[in-house]
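Asks:
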Amino acid sequence: MTTASGSGTVTAGAEDLSVWPASTRRLPHGGLTVGGVPLTEIARRFGTPSYVLDEEEVRARCRGYRSAFPDADVVYAAKALLCRAVIRWVDEEGLGLDVCSAGELELAVAGGFPPERIVMHGNAKSPRDLETALRLGAGRIVIDSPSEIARLAAAVGPHGRRRVMLRVTPGVLAGGHEKIRTGTDGQKFGLSLADGSAEEAVARILSRPELRLTGLHCHIGSQITDVEPYVTSLRRMVGLMARIRDTHGVTLPELDLGGGHGVPYRPGEPGLDLMALARALRGELAARCGAAQLAVPRLLVEPGRAITGPAGVVLYRVLAVKHTGGQVFVAVDGGMSDNPRPALYGARYAPRLTGRGSTAKPRTATVVGRHCEAGDVLAADVELPGDIRPGDLLAVPVAGAYHLSMASGYNLVGRPPLVAVSEGSARLLVRRETLADFRVRDVGV
Ligand code: LLP
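Yeah, the sequence shown ends on 442 if you go by this note's numbering, and it's all consecutive.
Now the structure itself:
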């Protein structure tokens, strides 16, 4: 990312904090502050593990998107991280919201988000999802399967007319891991451009008076760091829009290119260059629409990770250090229940000792969690001070997206709290899950 991308400046010999929130500062004796708050203070006040979220970083990233895409709708993908505070920040910064369940939608609307700026996704929307979308007035519903057309039209009824988009699979291979690639045929999302099912679905939607097709949507995958797959998708989608105009005489006013914008998790890794993306999309859109004599549609983009990911840090307490089989295992008080990403996608992170200085020589260690699985690894083969010991505090950057939102109740460890930091103060946004929560849900005997 070129916009709002961490603290940026790295001088020779200095610690590289480029993947940390821009507000991150070093304290004497090895500490760090984020949003003006020492991480040790957060650990003391809120316990560990804890997720920390830098409000200004989230807001700056929203603003970065709006200035890179002044003519587009920027729609934050709620699946990355959703809570009432994030809903408010995103609303105040003028973004839309992408939701994919009745739960996300209800929380957003209850949190005051304008429903007309909400886009509802889902490859398998339940009756409750559709009913909630209609009842709460979600601005656009993205149809993702042929059967949804009739279901949705029936739910809207003869007197209504709802704005819908169609999710298309443009046949573009992109994405940081096989499990988060969604741009090609042979996976569960979208209707194929290649085999004609997208065009068939368009014809069916256009034949339903209850539905108003405002545009096409595609989301080719996640953690994508090149511009090129987006440009290819855009070209194919515009081609389809031109064919729809030729066949049906309908010019669709919107084109949603989804999200998937990649961010670095460790210093030196690439991120998607937002300005380069915006420039390339604008140029390609103008050129392709000009060539096809098609009115230029309004673009939508749906970043999730790139808005909240780099604004988050997760804090763990070291519980045990074990030397075995020639390896050093540093076991912390969280693990795959608060971050399943290493286990799911082989995601790599850069944990850092914080709260005390160390002059010990670094050595290679593997940070593991406390869950009852050997695969509960948070960061394999990372450099940590050689004297790392129980009681130490570890901080891991880029923990704002797909951490809390993917956290589980495994081993009844309980999901960590989410703490906002801003202008030198910390406040609780989502509290820690406790034994009482588990007890309340467990209603049988
Ligand atoms: N739009 C749609 C329709 C999506 O399905 C997604 C993400 C996004 C936008 C936002 O993508 P982002 O900009 O955040 O990459 N759990 C995985 C990521 C799964 C993404 C699912 N869809 C991970 O932790 O890497």
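Virtual Cβ for every residue (Gly too), placed ideally from N, Cα, C.
Assuming the contact rule is C-beta atoms closer than 8 Å, residue 267 and residue 222 should be a hit. Round their C-beta distance to whole Å, please.
Replies: Translated into the one-based positions of the sequence shown, residue 267 becomes position 270. Translated into the one-based positions of the sequence shown, residue 222 becomes position 225. With a Cβ gap of about 4 Å, residue 267 and residue 222 count as contacting.
Asks: Helix, strand or coil: how does DSSP classify residue 11 here?
Replies: Counted from its first residue, the sequence shown places residue 11 at position 14. If DSSP states are grouped into helix, strand and coil, residue 11 belongs with coil.
Asks: Taking 9 Å as the threshold (C-beta atoms), are residue 346 and residue 263 in contact?
Replies: Counting from one through the sequence shown, the residue named residue 263 turns up at place 266. Counting from one through the sequence shown, the residue named residue 346 turns up at place 349. Yes, they are a contact pair.
Asks: Just to confirm my understanding: we take residue 447, look at its own chain, exclude 5 residues before and 5 after, and list those with CB closer than 6 Å. What are they?
Replies: For residue 447 there is no data in the structure shown, the boundaries of the chain being -2 and 442.
Asks: Under 9 Å between the Cβ atoms of residue 364 and residue 313?
Replies: Here residue 364 is taken as the residue at index 367 of the sequence shown, counted from 1. Here residue 313 is taken as the residue at index 316 of the sequence shown, counted from 1. Their beta carbons are under 9 Å apart, which means residue 364 touches residue 313 by this criterion.
Asks: Could you compute how far the alpha carbon of residue 99 sits from the alpha carbon of residue 79?
Replies: In the sequence shown, counting from the first residue as 1, residue 99 sits at position 102. In the sequence shown, counting from the first residue as 1, residue 79 sits at position 82. Between residue 99 and residue 79, the C-alpha separation is close to 13 Å.
Asks: List the endpoints of the continuous alpha helix (DSSP H) containing residue 144.
Replies: The residue given as residue 144 occupies position 147 in the sequence shown. First-last of the alpha helix (DSSP H) with residue 144: 143 to 153.
Asks: Which residues share a DSSP beta bridge with residue 73?
Replies: Your numbering for residue 73 matches position 76 in the sequence shown. In DSSP, residue 73 forms a bridge with 94.
Asks: In the DSSP assignment, find the alpha helix (DSSP H) that holds residue 309 and state where it starts and stops.
Replies: The residue given as residue 309 occupies position 312 in the sequence shown. Element bounds for residue 309: not the alpha helix (DSSP H) but the beta strand (DSSP E), 309 to 321.
Asks: State the start and end residues of the unbroken beta strand (DSSP E) segment that holds residue 221.
Replies: As a position in the sequence shown, residue 221 is number 224, starting the count at 1. From DSSP, residue 221 is part of no beta strand (DSSP E); its letter is neither H nor E.
Asks: Assess, as a yes-or-no matter, whether the stretch 21 to 40 is touched by the stretch 347 to 362 under the definition of 3 or more beta carbon pairs within less than 8 Å.
Replies: Short answer: they touch.
Asks: Please go through the same chain and pick out, in chain order, the residues whose beta-carbon is closer than 7 Å to the beta-carbon of residue 428, but skip the five residues on each side of it.
Replies: The residue given as residue 428 occupies position 431 in the sequence shown. The residues are 414.
Asks: Return the first residue and the last residue of the beta strand (DSSP E) that residue 81 is part of.
Replies: Residue 81 sits at position 84 when you count from the first residue of the sequence shown. Per DSSP, residue 81 belongs to no beta strand (DSSP E); it is in the alpha helix (DSSP H), 81 to 89.
Asks: Quick test of the definition: if touching needs 3 or more C-beta pairs under 8 Å, does the stretch 187 to 201 touch the stretch 235 to 254?
Replies: The answer is yes - the stretch 235 to 254 touches the stretch 187 to 201, with three or more Cβ pairs under 8 Å.
Asks: Considering only the alpha carbon of each residue, which of 379, 436, 369, 81 lies closest to residue 407?
Replies: Working through the sequence shown from its first residue, we reach residue 407 at position 410. Nearest C-alpha to residue 407: 369.
Asks: Using DSSP with H/G/I as helix, E/B as strand and the rest coil, what is residue 400?
Replies: Along the sequence shown, read from residue 1 onward, the residue named residue 400 stands at position 403. Three-state result, residue 400: coil.
Asks: Return the chain-ordered list of same chain residues with a C-beta closer than 7 Å to the C-beta of residue 330, the five sequence neighbours on each side being excluded.
Replies: Position 333 of the sequence shown, counted from the first residue, corresponds to residue 330. Within the same chain, residue 330 has close Cβ partners 45, 46, 313, 314, 316, 367.
Asks: Is it the case that the Cβ atoms of residue 422 and residue 34 are separated by a distance below 9 Å?
Replies: Translated into the one-based positions of the sequence shown, residue 422 becomes position 425. Translated into the one-based positions of the sequence shown, residue 34 becomes position 37. Cβ distance < 9 Å, so residue 422 and residue 34 count as in contact.
Asks: With a Cβ-Cβ cutoff of 9 Å, do residue 112 and residue 88 count as a contact?
Replies: Here residue 112 refers to the residue found at position 115 when the sequence shown is read from its first residue. Here residue 88 refers to the residue found at position 91 when the sequence shown is read from its first residue. No, Cβ-Cβ distance for residue 112 and residue 88 is not below 9 Å.
Asks: Which whole-angstrom value is the C-beta distance of residue 158 and residue 124, which I expect to be below 8 Å?
Replies: Taking the sequence shown and counting its residues from 1, the one referred to as residue 158 is at position 161. Taking the sequence shown and counting its residues from 1, the one referred to as residue 124 is at position 127. Contact doesn't hold; Cβ gap of about 20 Å is too wide.
Asks: Once you ignore the five residues that flank residue 7 on each side, which residues in its own chain have a CB closer than 7 Å to its CB?
Replies: For this step, residue 7 is matched to residue 10 along the sequence shown. Because residue 7 carries a pLDDT of 41, less than 50, the predicted location of this residue cannot be relied on, and the following value inherits that uncertainty. Closer than 7 Å at the Cβ level, and outside the excluded window around residue 7, lie 13, 15.
Asks: Which residue or residues does DSSP assign as beta-bridge partners of residue 252?
Replies: Your numbering for residue 252 matches position 255 in the sequence shown. BP columns for residue 252 point to 213, 296.
Asks: Quick check: the Cα distance between residue 77 and residue 60, rounded to an integer number of angstroms?
Replies: Counting from one through the sequence shown, the residue named residue 77 turns up at place 80. Counting from one through the sequence shown, the residue named residue 60 turns up at place 63. If you take the alpha carbons of residue 77 and residue 60, they lie about 18 Å apart.
Asks: Identify every run of the beta strand (DSSP E) within the stretch 108 to 190, keeping only runs that are complete inside it and at least 3 residues long; order them along the chain.
Replies: Complete beta strand (DSSP E) runs here, min 3: 115 to 117, 137 to 140, 159 to 166.
Asks: To which residues does DSSP link residue 51 through a beta bridge?
Replies: For the purposes of this step, residue 51 is taken as residue 54 along the sequence shown, with counting starting at 1. For residue 51, which the question treats as bridged, DSSP gives the partners 418.
Asks: Can the beta-carbon of residue 309 be found closer than 9 Å to that of residue 410?
Replies: Within the sequence shown, the letter at position 312 stands for residue 309. Within the sequence shown, the letter at position 413 stands for residue 410. Result no, Cβ atoms of residue 309 and residue 410 do not sit closer than 9 Å.
Asks: Does DSSP put residue 197 in a helix, a strand or coil?
Replies: Here residue 197 refers to the residue found at position 200 when the sequence shown is read from its first residue. Looking at residue 197 - three-state DSSP - the assignment turns out to be helix.
Asks: Given residue 260, which residues of its chain have a CB within under 7 Å of its CB, disregarding the five upstream and five downstream residues?
Replies: Reading the sequence shown from its first residue, position 263 is the one you call residue 260. Only -2, 268, 302, 303, 306, 307, 395 meet the Cβ criterion.
Asks: Is any heavy atom in ligand 1 found nearer than 8 Å to the beta carbon of residue 122?
Replies: Here residue 122 corresponds to residue number 125 of the sequence shown, with the count starting at 1. Residue 122: no, Cβ never under 8 Å from ligand 1.
Asks: Compute the minimum distance between the beta carbon of residue 398 and the heavy atoms of ligand 1, and state whether it is under 8 Å.
Replies: As a working note, residue 398 is residue 401 in the sequence shown. Residue 398 Cβ: within cutoff of ligand 1.
Asks: For the alpha helix (DSSP H) that residue 305 lies in, which residues bound it at each end?
Replies: Within the sequence shown, residue 305 is the residue found at index 308, counting from 1. That run of the alpha helix (DSSP H) goes 302 to 305.
Asks: Under three-state DSSP, which class holds residue 427?
Replies: Within the sequence shown, numbered from 1, the residue matching residue 427 stands at position 430. Strand, per DSSP.
Asks: When the distance is taken between beta carbons, is residue 252 closer than 9 Å to residue 213?
Replies: One-based indexing of the sequence shown puts residue 213 at position 216. One-based indexing of the sequence shown puts residue 252 at position 255. Yes, they are a contact pair.
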